[in-house]
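Heads up: the sequence shown is residues 325 to 603, going by my numbering.
C-beta atoms are modelled at their ideal positions from N, C-alpha and C, and glycine is treated no differently.
The structure presented is a predicted model; accordingly, all values stated were derived computationally and were not measured.
To start, the structure under review is shown below, and the notes come after it.
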Amino acid sequence: MSACLSLEKKLKVSCLGPEMSYSHDALIKFFGSSSEASYAHNISDVFRQVDNDVADYGIVPIENSTQGSVKETVENLVTTNLLINGEINLKVSHCLMSLSKNKKSIMKVYAHEQSFQQCEKWLMKYLPNAKLISAASNSAAVKKVRNIKNAAAIGSVNSSNYYEIPIIHKNINDSSQNSTRFIIISKAEPEISGDDKTSLLISLENKAGALAKIIEPLSKNKISMSKIESIPTKKNNWEYMFLIDIEGHMSDIKIHKTLLEIERKSQFFRNLGSYPKSI
325 MSACLSLEKK LKVSCLGPEM SYSHDALIKF FGSSSEASYA HNISDVFRQV
375 DNDVADYGIV PIENSTQGSV KETVENLVTT NLLINGEINL KVSHCLMSLS
425 KNKKSIMKVY AHEQSFQQCE KWLMKYLPNA KLISAASNSA AVKKVRNIKN
475 AAAIGSVNSS NYYEIPIIHK NINDSSQNST RFIIISKAEP EISGDDKTSL
525 LISLENKAGA LAKIIEPLSK NKISMSKIES IPTKKNNWEY MFLIDIEGHM
575 SDIKIHKTLL EIERKSQFFR NLGSYPKSI
């Protein structure tokens, strides 16, 4: 997709801002120089910008390798009609940065909430008494600590360079394999690539065997399921939705018929689209 985009007009792509957020890094990796970034205040704002034609595309995190699905993204996929157009995996290596050279003087740490979870063990060991303050994004956190004494932020090397905040410790995430999967959202359907996947969001009756009835059509038609994850809904306690990825494109007659069968057996069904798999 990114190779074709360079031949066309510059696209406006919405992502979580400000500059040099991980979403911005993913945008650059996927779209290259073919796009103009439109910075959003939060993930919901990315969806709004695309839905209201402020941006042609949006790029949002959907899951982290250690923390699972990003709830705000999933909630917006449920409530909008936007489709997934692509995906990209970004290796995430968190750095602690501060104007304070001594870690012992740091009283506050700013970061996106998920980054605190990804760095929990390191923070407990080295900054057990620091107050953890959530920010809309890691780049917003880095930008903020430029004007705060005895404070630090968690962010990327790119954000450190851009906002000129020295790194005092690299690779503070608890898992060295930490990565985040981002999806590209749009109103349009992407072209068939020949190596596609299809994503679904479904909810089922809360009774024994309901999930098995959904899995059965996939098994019967020999369609590979690469992911299934249960996600709590906000409606009732112990009520879940399922985010499912299957191999193949919905234009394939076998997959099309299988999706119709799954839809008939679901209380809620949303086809999030077919799109090229991440390389």
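Determine the closest residue to S362 out of G533, S368, Y564 and A379, with distance taken between C-alpha atoms. The residue with the shortest Cα to Cα distance from S362 is A379.
Helix, strand or coil: how does DSSP classify T611 here? Residue 611 is absent from the model: the chain starts at 325 and stops at 603.
Every unbroken beta strand (DSSP E) within the region 362-395, with a cutoff of 3 residues, ordered by chain: Counting whole runs of 3 or more residues, the region 362-395 contains the beta strand (DSSP E) stretches 381-388.
Between which two residues does the beta strand (DSSP E) holding R588 run? Not the beta strand (DSSP E): R588 falls in the alpha helix (DSSP H), residues I577 to R588.
Would you identify the three-state DSSP class for H311, choosing helix, strand or coil? Residue 311 cannot be examined here, being either before or after the span of the chain that is shown, 325 to 603.
Test item: CB-CB of S463 and S483 under 9 Å: In this structure, S483 lies closer than 9 Å to S463 by Cβ.
Contacting residues, own chain, Cβ-Cβ under 6 Å from E387 (five flanking each side not counted): Around E387: S393 and R505.
Report the option in P342, L335, S550 and T522 whose CA atom is closest to the CA atom of K578. If we check each option's Cα against that of K578, T522 comes out closest.
K336 and Y381 - do their beta-carbons sit closer together than 9 Å? The answer is yes: Cβ separation under 9 Å.
If I measure Cβ to Cβ from V370 and keep anything under 6 Å in the same chain, skipping five residues before and after, which residues do I get? Listed in chain order, the non-local C-beta contacts of V370 below 6 Å within the same chain comprise S338, A364, G382 and V384, local neighbours out to five positions each way being set aside.
Please name the residue in T397, H436 and P541 whose C-alpha comes closest to that of K581. Comparing C-alpha distances from K581 to each of T397, H436 and P541 shows the shortest one belongs to P541.
Residues that N413 bridges to, as DSSP identifies them: Residue pairing by DSSP puts N413 in a beta bridge opposite R505.
Once DSSP output is grouped into helix, strand and coil, what is the label at S326? Low local confidence applies: a pLDDT of 49 at S326 is under 50, so the model's placement there is unreliable, with the coordinate-based value given in what follows. DSSP places S326 in helix when its eight states are reduced to three.
Measuring alpha carbon to alpha carbon, tell me which residue in K334, L351 and L401 is nearest F593. Taking F593 as reference, the option from K334, L351 and L401 with the minimal CA-CA separation is L401.
What residues in its chain sit with their C-beta under 7 Å from that of A459, if we drop five residues either side in the sequence? Same-chain partners within the cutoff: Y434, A435, H436, A465 and K468.
Relative to the C-alpha of S345, which residue among R588, D498 and Y487 is closest? Its Cα nearest to that of S345, the residue Y487 stands out among R588, D498 and Y487.
Distance, I555 Cα to T390 Cα: If you take the alpha carbons of T390 and I555, they lie about 15 Å apart.
Under a three-way DSSP split, which group does A350 fall into? A350 sits in a helix when the DSSP states are folded into three classes.
Run of the beta strand (DSSP E) containing I547, from where it starts to where it stops: Taken as a continuous stretch (DSSP letters only), I547 belongs to no beta strand (DSSP E), as it is neither H nor E.
Starting from S439, trace the alpha helix (DSSP H) both ways and give me its first and last residue. Run containing S439: E437 to Q442, per the alpha helix (DSSP H) assignment.
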